[in-house]
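Input: a single structure, listed below in structure tokens.
Residue numbers (the numbering used here), protein chains in the order written: chain A, 767 to 943; chain B, 45 to 246.
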């Protein structure tokens with residue numbers, strides 16, 4: 767019976783049904799937590815680059831947020847951009863105050879840059895260099911600017927730097943009243 | 045070493061004598077790819093162990109009703125179910141580790157240690173023996189991952205589990221190549237040679 771053709775099909779179907787039910791159950795149990803974790807992580811990443819803001823509202827779903835302080839006054843915007851690095855897109859989150867000056871820079875943990883080289887773009891000293899700069903000062907030393915690159919090859923550094931500058935130029939209009 | 049096969053041997057053999065990576069030489073790809081630091085390596089070993097134990101037990105429990113002609117698809121469904129479960133669980137309760145392991149969690153499906161044990165052991169042995177086999181192979185896998193991850197992290201970054209363990213001059217210019225694939229091949233070769241030295245008696 768075990769080796770019959772009918773059981774061959776039935777056993778496969780049964781396995782799939784049991785697996786599907788098991789996964790549906792696990793999914794239902796874990797989904798609220800996963801969604802909460804994602805929302806928390808997003809809020810934390812926004813607050814990190816625009817510390818003056820206590821609440822955020824979405825301008826553009828998933829890319830541009832407006833930051834407000836406790837009194838509801840607008841203190842700046844946060845935008846997300848994904849420049850192309852060496853190993854794929856790099857998620858960069860940038861906070862700008864109302865004058866268009868960078869208040870903070872976050873580099874996503876999901877990037878696939880080379881460990882020990884491009885991955886260093888996450889380190890504080892590299893990100894902190896951007897603070898206090900307007901768009902026209904976001905340029906690497908290699909490109910006649912003043913920012914230090916993270917490695918001699920500058921692929922990741924340039925991707926982040928150019929992505930931030932272009933993103934700023936593109937999103938500054940959100941700061942106008 | 046005990047020469048009469050006992051159930052205890054199913055567990056013990058996985059650690060050195062039948063170490064999945066260094067003796068059976070299976071599951072090398074994820075081993076080389078994810079052992080870039082001690083913490084990543086142990087996280088990967090824990091996730092893979094969960095899947096290995098789960099799939100070995102289930103495959104063994106259903107082995108008498110699984111037709112041999114469709115056993116591989118059924119094994120893969122069982123394995124990928126456990127992988128998806130650990131994927132959801134890590135995302136929900138260990139988001140920091142999930143971010144580190146990323147794409148390598150779903151890739152546990154194709155870790156051939158797991159399919160290898162299902163086919164070579166669990167399909168022909170009882171549930172308890174398959175559990176012992178999975179536990180032993182998990183310990184063996186975790187040991188290799190820990191050694192590889194630790195050495196690569198120490199040589200390439202000068203840290204161990206994120207803590208500085210080497211002098212500052214070394215951390216200023218560490219042996220970066222150890223974090224790249226050549227470093228992994230280099231290290232697995234040395235480990236294999238060491239294990240051969242320990243296990244092959246002239």
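Each residue gets a CB set at the ideal place from its N, CA and C atoms; glycine is no exception.
Discussion item. Strictly below 7 Å CB to CB, what residues from chain A border residue 133/B?
Written reply: Within 7 Å Cβ-Cβ: 796.
Fill in: Three-way DSSP call (helix, strand, coil) for residue 937/A in this model
Under the three-state reduction of DSSP, residue 937/A is assigned to helix.
Practice prompt. With 9 Å as the threshold, decide whether the Cβ of residue 770/A is near any Cβ in chain B.
Written response: By this cut-off, residue 770/A is an interface position.
Worksheet item: Residues bridged to residue 850/A by DSSP?
Response: DSSP lists 855/A as partners of residue 850/A.
Worksheet item: How close, in whole Å, do the beta carbons of residue 139/B and residue 807/A come, if the pair is a contact with beta carbons under 8 Å?
Response: Their Cβ separation, rounded to whole angstroms, is 7 Å, which keeps residue 139/B and residue 807/A in contact under 8 Å.
Worksheet item: In chain order, what residues of the same chain lie with their CB nearer than 7 Å to the CB of residue 46/B, ignoring the 5 residues before and after it?
Response: Residue placement at residue 46/B is flagged as unreliable, the pLDDT there being 47, under the threshold of 50; the coordinate-derived value follows with that caveat. Only 53 meet the Cβ criterion.
Worksheet item: For residue 59/B, which residues of its own chain have a beta-carbon under 8 Å away from its beta-carbon, when the five flanking residues on both sides are left out?
Response: Counting only residues of its own chain and dropping the five nearest sequence neighbours on each side, residue 59/B has a CB closer than 8 Å to the CB of 180, 183, 184 and 187.
Practice prompt. Using the DSSP secondary-structure output, state which residues sit across from residue 204/B in a beta bridge.
Written response: Note: residue 204/B sits in a beta bridge opposite 207/B.
Worksheet item: Alpha carbon to alpha carbon, what distance is there between residue 891/A and residue 212/B?
Response: If you draw a straight line from the Cα of residue 212/B to the Cα of residue 891/A, it comes to about 18 Å.
Practice prompt. Would you check if the distance between the CB atom of residue 782/A and the CB atom of residue 121/B is smaller than 9 Å?
Written response: Their beta carbons are under 9 Å apart, which means residue 782/A touches residue 121/B by this criterion.
Worksheet item: Between residue 111/B and residue 92/B, is the Cβ-Cβ spacing less than 9 Å?
Response: The answer is no: Cβ separation not under 9 Å.
Discussion item. Distance check for residue 63/B and residue 57/B, CA to CA, integer angstroms please.
Written reply: Just so you know, the alpha carbons of residue 57/B and residue 63/B end up roughly 7 Å apart.
Item to complete: Closer than 7 Å by beta-carbon distance: list the chain A residues that pair up with residue 121/B, in chain order.
Response: Listed by position along chain A, the residues whose Cβ is nearer than 7 Å to that of residue 121/B are 781, 782 and 785.
Worksheet entry | Continuous beta strand (DSSP E) stretch holding residue 906/A: start and end | Note, residue 906/A: premise wrong, no beta strand (DSSP E); not H, not E.
Discussion item. Could you check whether the Cβ of residue 800/A sits closer than 9 Å to any Cβ belonging to chain B?
Written reply: It does: the Cβ of residue 800/A has a partner Cβ on chain B nearer than 9 Å.
Item to complete: Report the rounded CA-to-CA distance for residue 869/A versus residue 826/A, giving the unit in angstroms.
Response: Cα to Cα, residue 869/A sits roughly 20 Å from residue 826/A.
Worksheet item: Do you know offhand how far residue 945/A's Cα is from residue 933/A's?
Response: Examination of residue 945/A is not possible in this model, given that chain A is present from 767 through 943 alone.
Discussion item. Could you check whether the Cβ of residue 167/B sits closer than 9 Å to any Cβ belonging to chain A?
Written reply: Put simply, the CB of residue 167/B is far from chain A, with every gap to its CB atoms at 9 Å or more.
Worksheet item: For residue 929/A versus residue 900/A, is the C-beta spacing smaller than 9 Å?
Response: Cβ atoms of residue 929/A and residue 900/A: not closer than 9 Å.
Practice prompt. Taking 9 Å as the cut-off, decide whether the C-beta atoms of residue 113/B and residue 769/A are in contact.
Written response: Judged by beta-carbon spacing, residue 769/A lies within the 9 Å limit of residue 113/B, meaning their Cβ atoms are closer than that value.
Fill in: Nearest candidate by alpha-carbon position, reference residue 217/B, set 141/B, 79/B, 199/B and 177/B
Taking the Cα of residue 217/B as reference, the smallest distance to any Cα among 141/B, 79/B, 199/B and 177/B is reached at 199/B.
Discussion item. Can you tell me where the beta strand (DSSP E) holding residue 824/A begins and where it ends?
Written reply: Unbroken beta strand (DSSP E) run through residue 824/A: 821-826.
Worksheet item: Mind checking residue 850/A: buried by the 16 CB within 10 Å criterion, or exposed?
Response: With fewer than 16 other Cβ atoms inside 10 Å of its own Cβ, residue 850/A counts as exposed.
Worksheet entry | Short CB-CB distance (under 9 Å) between residue 139/B and chain A | Answer yes: the Cβ-Cβ gap between residue 139/B and chain A drops below 9 Å somewhere.
Worksheet item: By how many angstroms is the C-alpha of residue 822/A removed from the C-alpha of residue 906/A?
Response: The alpha-carbon of residue 906/A is positioned some 31 Å away from that of residue 822/A.
Worksheet item: Do three or more CB pairs link the segment 170-180 of chain B to the segment 101-110 of chain B at distances below 8 Å?
Response: In the pairwise beta carbon analysis, the segment 170-180 of chain B is classified as touching the segment 101-110 of chain B: at least three pairs are separated by under 8 Å.
Worksheet item: residue 891/A CB to nearest chain B CB: under 9 Å?
Response: No - not a single Cβ of chain B is within 9 Å of the one on residue 891/A.
Item to complete: Classify residue 923/A as helix, strand or coil using the three-state DSSP reduction.
Response: DSSP places residue 923/A within a helical segment (H, G or I) once states are collapsed to three.
Worksheet item: What is the DSSP secondary structure of residue 769/A, reduced to helix, strand or coil?
Response: In the structure shown, residue 769/A falls within a coil segment according to DSSP collapsed to helix, strand and coil.
Worksheet item: Which of the residues in the segment 856-867 of chain A, read from start to end, lie with their CB under 7 Å from any CB of chain B?
Response: Here the close residues number zero.
Discussion item. Using only the alpha-carbon positions, how far apart do residue 839/A and residue 145/B sit?
Written reply: Distance between the alpha carbons of residue 839/A and residue 145/B is about 40 Å.
Worksheet item: Considering residue 235/B, what are the terminal residues of the beta strand (DSSP E) in which it resides?
Response: Annotation for residue 235/B: no beta strand (DSSP E) segment contains it, though the alpha helix (DSSP H) segment containing it runs 225-243.
Worksheet item: What are the residues of the segment 83-116 of chain B that lie near chain A, defined by any Cβ-Cβ distance shorter than 9 Å?
Response: Residues 106, 108, 109, 110, 111, 112, 113 and 114.
Practice prompt. Report buried or exposed for residue 208/B, applying the criterion of at least 16 other Cβ atoms within 10 angstroms of its Cβ.
Written response: Taking all protein chains shown into account, residue 208/B has fewer than 16 neighbouring C-beta atoms within 10 Å of its C-beta and is therefore exposed.
Fill in: Through-space distance from residue 801/A to residue 152/B, alpha-carbon basis
Distance between residue 152/B and residue 801/A, taken at the CA atoms: about 24 Å.
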